[in-house]
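Chains as they are written, first to last, in my numbering: chain Z, 1 to 151; chain S, 1001 to 1151. Beta carbons: idealized from backbone N, C-alpha and C, even for Gly. A quick note: this is a predicted structure, and the numbers were derived from the prediction, not measured. Step one of this worksheet: look at the structure below.
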């Protein structure tokens, strides 16, 4: 029988292929927009878009490969034995993550969350998250995301 | 805002690309070998290898796309609102699923389960699952699979 450790060392992920990233994110990715109270901001709320991929720590090298692939984001502990690759910068999300998934569409229903996520980023680029009305609009879109995934 | 339903209709998965399948299975796939008591068989045990991908029912079309991609297997309800694509035939596993992942290696630690799965299929092709000693060897390999994934 093969020695799994040896095989592991031999087959590091290296540079990822675009379609692998799409398939993996279709399975494991999450597009999320948090809206938190923030007394110091004009409209009292802060909009926090986030692209995340969570994995068991034994596959942390895949998260670093994603970080290298997108050229942005961080790898941090999520909770317990799970790690997360996370992009929170609006610039990085708009200039790197969104264009990638525009060019290489997700195949799962997760793409509907992606469309909403992209729309919220557009509204933020227009400064809508700094107005009470814009916040309401963003909140409405965000509240319809990540529903019905059954987990 | 885009109409998600329209976008969904527009972007059916169609024919999958190999690397998408690898990425998706790295995230969502499972290689499992069940060993069940079976009084009618010579060695009293039946070895049941199985390749499975489970998804929320809203992405059932991806499971049918996988079925078309591998040209084998079935799509069935798993439990509650989740569906499963499943290949159980030893011939289909040996001739279609295993060669695909030999040619397009998994990037996650799931490939260690795949190597064990492939080894068990080889032993079955040699008839080892029909001998008490072979069953013990298979049981030993199978018991070390799907551990430490943290879910």
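Of all residues in the segment 33–55 of chain Z, only 55 place a beta-carbon less than 8 Å from a beta-carbon of chain S.
Contact annotation: residue 1023 of chain S and residue 73 of chain Z have beta-carbon atoms that are not nearer than 8 Å. Contact between residue 1110 of chain S and residue 1029 of chain S is confirmed by a C-beta separation of about 7 Å, below the 8 Å threshold. The C-beta separation of residue 85 of chain Z from residue 107 of chain Z comes to about 20 Å, leaving the pair out of contact by the 8 Å criterion. Short of 8 Å from the beta carbon of residue 1021 of chain S, and not among the five residues preceding or following it, lie these beta carbons of its own chain, in chain order: 1066, 1069, 1100 and 1104. The three-state reading of DSSP puts residue 1061 of chain S in helix, counting H, G and I together. Ranked by Cα distance from residue 76 of chain Z, the options Z:96, Z:89, Z:52 and Z:95 are led by Z:52. For a Cβ distance threshold of 7 Å, residue set 27 of chain Z lies close to residue 1028 of chain S, ordered along the chain. Excluding sequence positions up to five before and after residue 128 of chain Z, its CB lies within less than 6 Å of the CB of 134, all in the same chain and listed in chain order. The C-beta separation of residue 1094 of chain S from residue 1125 of chain S comes to about 6 Å, placing the pair in contact by the 8 Å criterion. In the three-state reduction of the DSSP assignment, residue 1080 of chain S falls in the coil class. Within the model, the alpha-carbon separation for residue 64 of chain Z versus residue 132 of chain Z is close to 38 Å. Residue 143 of chain Z does not reach chain S, its nearest Cβ partner there being about 13 Å away, counting only Cβ pairs nearer than 8 Å. In terms of beta-carbon proximity, residue 1126 of chain S stays away from the interface with chain Z, with every pair separated by 8 Å or more. When DSSP states are grouped into helix, strand and coil, residue 86 of chain Z belongs to the strand group. Annotation: the continuous alpha helix (DSSP H) that includes residue 22 of chain Z extends over 18–28. Listed in chain order, the non-local C-beta contacts of residue 1097 of chain S below 8 Å within the same chain comprise 1051, 1070, 1072 and 1087, local neighbours out to five positions each way being set aside.
Below the 7 Å Cβ cutoff, chain Z contributes no neighbours of residue 1133 of chain S, its closest Cβ being approximately 15 Å away.
Chain order gives the chain S residues near residue 21 of chain Z as 1023, where near means a beta carbon separation below 7 Å. In the three-state reduction of the DSSP assignment, residue 34 of chain Z falls in the strand class. At a cut-off of 4 residues, the continuous stretches assigned as alpha helix (DSSP H) that sit fully inside the segment 93–132 of chain Z are 98–103 and 110–125. When the beta-carbon positions are compared, residue 1090 of chain S and residue 1123 of chain S stay at least 8 Å from each other. Each of S:1136, S:1130, S:1082 and S:1116 was checked against the Cα of residue 1032 of chain S, and the nearest Cα belongs to S:1116.
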